[in-house]
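*Asks:*
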Amino acid sequence: MTTRKLAATVATLAAVAMLATACSSGGGSTPTAGATGGGNSAAAGGQTLTICMPNGPQTNNSNPFLNTASGNSLGYRWAIYEPLAQVNDTRPANKPVPWLAKSWTWNADYTQLTITARDGVTWSDGQAFTADDIAYSLQLRKDHKELNTEGIPYGDITVSGSTVTVGFTSGQFINQIKILQLFIVPKHIWSAIANPVTDPNQKPIGTGPYTLTSWTDQSVILDRNPKYWGGALAVPQLRYTSYSGNDTETTALATGECQWGWTFIADYQNVYVAKDPAHNKVFMPAGLGIDQLMLNVTKPPFNDVAVRKALNMVVDRKQASQVAESGLFPELTNVTGIPTPAGDSFIADQYKDKTFAVDVAGAKKVLTDAGYTYNGDKLIGKDGKQVSFKLWVPAGWNDYVTSQQLIAQSAQSIGIDATTDTPTADAWFDANNKGNFDAALHWTNTGMTPWEMYSDMFDPAYYLPVGQPANWDLGRYQDPAAAAAFKAYTDATDDAGRTAALDTIEQIFVDQVPAIAVDARPAAAEYSTKDYVGWPDDSDSYANPQPTVANAGWILTKLKPAS
2 MTTRKLAATV
12 ATLAAVAMLA
22 TACSSGGGST
32 PTAGATGGGN
42 SAAAGGQTLT
52 ICMPNGPQTN
62 NSNPFLNTAS
72 GNSLGYRWAI
82 YEPLAQVNDT
92 RPANKPVPWL
102 AKSWTWNADY
112 TQLTITARDG
122 VTWSDGQAFT
132 ADDIAYSLQL
142 RKDHKELNTE
152 GIPYGDITVS
162 GSTVTVGFTS
172 GQFINQIKIL
182 QLFIVPKHIW
192 SAIANPVTDP
202 NQKPIGTGPY
212 TLTSWTDQSV
222 ILDRNPKYWG
232 GALAVPQLRY
242 TSYSGNDTET
252 TALATGECQW
262 GWTFIADYQN
272 VYVAKDPAHN
282 KVFMPAGLGI
292 DQLMLNVTKP
302 PFNDVAVRKA
312 LNMVVDRKQA
322 SQVAESGLFP
332 ELTNVTGIPT
342 PAGDSFIADQ
352 YKDKTFAVDV
362 AGAKKVLTDA
372 GYTYNGDKLI
382 GKDGKQVSFK
392 LWVPAGWNDY
402 VTSQQLIAQS
412 AQSIGIDATT
422 DTPTADAWFD
432 ANNKGNFDAA
442 LHWTNTGMTP
452 WEMYSDMFDP
462 AYYLPVGQPA
472 NWDLGRYQDP
482 AAAAAFKAYT
492 DATDDAGRTA
502 ALDTIEQIFV
512 DQVPAIAVDA
522 RPAAAEYSTK
532 DYVGWPDDSD
542 SYANPQPTVA
552 NAGWILTKLK
562 PAS
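Note that the sequence shown covers residues 2 to 564 in our numbering.
1) Does the beta-carbon of A358 have 16 or more other beta-carbons within 10 angstroms, so that it is buried, or is it exposed?
2) Check for me: the beta strand (DSSP E) holding N376 runs from which residue to which?
3) Use the C-beta contact count for H145: other C-beta atoms within 10 angstroms, 16 or more gives buried, fewer gives exposed.
4) Among the residues of its own chain, which have a CB less than 7 angstroms from the CB of D457, if the five just before and after it don't count?
5) Within the continuous beta strand (DSSP E) that includes Q113, where are the two ends?
6) In chain order, what residues of the same chain have a beta carbon less than 6 angstroms from the beta carbon of F174, not counting five sequence neighbours either side?
7) Specify the secondary structure class of T159 as computed by DSSP and reduced to three states.
8) Nearest to A255 by alpha carbon, out of V272, G262 and Y244?
9) Within the chosen definition, does the region 387 to 404 reach the region 259 to 270 through at least 3 CB pairs nearer than 8 angstroms?
10) Where does V315 sit, in a helix, a strand or coil, going by DSSP?
11) If I measure Cβ to Cβ from V274 and keep anything under 6 angstroms in the same chain, skipping five residues before and after, which residues do I get?
12) Quick one: complete beta strand (DSSP E) runs, 3+ long, within the region 217 to 247?
13) Give the secondary structure of M454 by DSSP, where H, G and I count as helix, E and B as strand, and everything else as coil.
14) Per DSSP, which residues does E527 bridge with? Please list them.
15) So what does DSSP say about T214, is it helix, strand or coil?
16) In this structure, what does DSSP give as the bridge partners for Q140?
17) Go ahead and pull the three-state DSSP assignment for Y533.
18) Rounded to whole angstroms, what's the CA-CA distance from F487 to L181? Just pull it up for me.
19) Just to confirm, are S63 and P205 a CB contact at a threshold of 7 angstroms?
20) With a 10 Å radius around its C-beta and 16 neighbouring C-beta atoms as the bar for buried, classify L75 as buried or exposed.
21) At which residues does the beta strand (DSSP E) containing A267 begin and terminate?
22) Below 6 angstroms CB to CB, which residues in the same chain sit around Y543 once its five sequence neighbours on both sides are set aside?
23) Could you tell me the distance, in whole angstroms, from the CA atom of W191 to the CA atom of V198?
24) Between the region 428 to 437 and the region 473 to 484, do three or more beta carbon pairs fall short of 8 angstroms?
25) Apart from the five residues on each side of it in sequence, which residues of its chain come closer than 6 angstroms, Cβ to Cβ, to A9?
26) Can you pull the DSSP bridge partners for I381?
27) Per the DSSP calculation, N335 is bridged to which residue(s)?
28) Does Y464 pass the burial test, meaning 16 or more other C-beta atoms within 10 Å, or should it be called exposed?
29) In three-state DSSP terms, what is Q128?
30) Using the Cβ count rule (16 or more neighbours within 10 Å means buried), how would you classify Q293?
31) With a threshold of 7 angstroms on Cβ separation, who are the neighbours of N552 within its own chain once the five nearest residues in sequence on each side are excluded?
32) Any heavy atom of the ligand SAH within a distance shorter than 6 angstroms of the CB on F66?
33) Can you tell me the Cα-Cα spacing of Q508 and A279, whole angstroms?
34) Helix, strand or coil for K103, going by three-state DSSP, please let me know.
35) First and last residue of the beta strand (DSSP E) that includes H189?
36) Kindly indicate the opening and closing residues of the alpha helix (DSSP H) around G290.
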């Protein structure tokens, strides 16, 4: 069991070795900005870059810690706030690039991280950035579970000069990327905020290349930060817009009204690329992320594993891939939900040849064996009523809307009254994070291994009671065996230990069905090279291309005028 993952993960392990010693000699690179001179308005030279997402109405909230804030929904938090290092999670073998951390080193068992703060950095209000800001940002996460979105088990956090020493109560081998991607906030601002969990932070101060200058219901404007430590940038101004759904954003992208975004476009070659073949580009690097059907296990019907298993047995993954996602997102075939062939080496031996297959008769047997009955074609629960649930995804997210309709039909095939709803994205995010839903399609992150995907879906370390906003494990799954397996994976100091823990996690996923794997999900973005070049692409896949992830700020420093 120890060797079966080694051959296929040499590059990944090499990257981890780099992480363990990365930048320990100091120095580190500075972002290369497209040179155009200073200034902080579009009038200073260059074209405004328009960025879009199909997330509907937004609220004026720029708290970078909150997944429901507009800064996260639209992505502009990553133009204002910056991480310790830039990590391309679509290419985990790539070496992390030092950013606000000039260097870092881990101890042998990954229970302590030593970070050296980059010098010469200022906050956008002119105050100096120091190691105290790093320590304070981590301490905030330690003190407020709601802000510790990655579930990091922080220990003591101390500062000495430009060095921060961070202890952890367990080994963080697998969380290295997560920790390096953490954004940093200014201590002199956030220490004066009464409640960092709820404050809307409408005048954000960051170290990033842009500053927020205008927020309206129509658009959010960021101007170039003249104090940016990385130098002048090519793009003088960013304009973020949230469209009502996929169709309206697709039109904006195709006409050039929006120049960078992500939305599902079924026939993207004809609908988008062909409108301007020289400039309209789509980049979709694959990873180990998936789309999942989140199941709220705190209430009927999904608090019963029999219902979860039965629904899992009738979801048609081929339809999800070919019909809902128009073949752009690969079909999931293995019962572990791990994308293949990318994740082949991580699949436990007992599941190597186990594949998904629609089995209506088998699903009905699972239900009747568990005490459910049928009245004609209706599944009757133990309370004497027809089993029912509601699926929901935001209006305008066409691929998800189609996918949930297909899943509802699958549920109806075993007698469940499954209905669908399409709320606003804002309401959807808020209710999902608070656990106020029955079932909802949602993505997972990608990572070095499938641990990230599983952790997002059902790691009890993320658990918060219904009503409190969580970031992952939104279905509120709790199980001591699962908690122990996830912890064993992060605590393991060798491949054998991680293999054993991941095998257990896979078995829990298959047997307990805390969530349902639907399709593989590459990172994807559409962008135009008409005004600016330097985007990640197949020839230089240096970053995750989506405008809402941590690499967005990095991409902005790479852009330069097209002519």
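Here a beta-carbon is modelled for each residue, glycine too, at the ideal position from N, C-alpha and C.
*Replies:* Quick answer:
1) With fewer than 16 other Cβ atoms inside 10 Å of its own Cβ, A358 counts as exposed.
2) It spans T374 to N376 - the beta strand (DSSP E) in which N376 sits, taken as one unbroken run.
3) So H145 counts as exposed.
4) Result list for D457: T445, N446 and W473, in chain order.
5) DSSP places Q113 inside the beta strand (DSSP E), whose first and last residues are Q113 to A118.
6) The beta carbon of F174 sits closer than 6 angstroms to those of Y111, all from its chain and outside the five residues before and after it, given in chain order.
7) In the three-state DSSP reduction, T159 falls in the strand class (E or B).
8) Closest option to A255, Cα to Cα, is V272.
9) A contact exists between the region 387 to 404 and the region 259 to 270.
10) Helix, per DSSP.
11) Same-chain partners within the cutoff: N281.
12) Complete beta strand (DSSP E) runs here, min 3: 221 to 225 and 238 to 243.
13) Residue state, collapsed to three classes: helix.
14) BP columns for E527 point to G262 and V283.
15) Strand at T214.
16) None; Q140 has no bridge partner.
17) Note: Y533 maps to strand in three-state DSSP.
18) Cα to Cα, F487 sits roughly 20 angstroms from L181.
19) Yes, these two residues count as a Cβ contact at 7 angstroms.
20) Around the Cβ of L75, a 10 Å sphere holds 16 or more other Cβ atoms; the residue is buried.
21) A267 -> no beta strand (DSSP E), and no H or E assigned at all.
22) For Y543, where only same-chain residues beyond five positions count, the Cβ hits under 6 angstroms are P537.
23) Separation of W191 and V198 (C-alpha to C-alpha, rounded to the nearest whole angstrom) is 11 angstroms.
24) Yes, the region 428 to 437 touches the region 473 to 484.
25) Model confidence at A9 stands at a pLDDT of 31, short of 50, so the residue's coordinates are unreliable; what they give is reported in the following sentence. S346, listed in sequence order.
26) Here I381 is bridged, per DSSP, to T374 and Q387.
27) Answer is T356.
28) Under this definition Y464 is a buried residue.
29) When secondary structure is reduced to three states using DSSP, Q128 falls in the coil class, being assigned neither helix nor strand.
30) Sixteen is the threshold: when 16 or more other Cβ atoms of the shown chains lie within 10 Å of the Cβ of Q293, as they do, the residue is buried.
31) Excluding residues up to 5 positions away in sequence, Q87, N89, A544 and N545 lie with their Cβ nearer than 7 angstroms to the Cβ of N552 in the same chain.
32) The ligand SAH is not part of this structure, which contains no ligands at all.
33) Between Q508 and A279, the C-alpha separation is close to 48 angstroms.
34) Three-state DSSP puts K103 in a strand.
35) Premise fails: H189 lies in the alpha helix (DSSP H), K188 to W191, not in any beta strand (DSSP E).
36) Segment: none, G290 is in no alpha helix (DSSP H) and carries neither H nor E.
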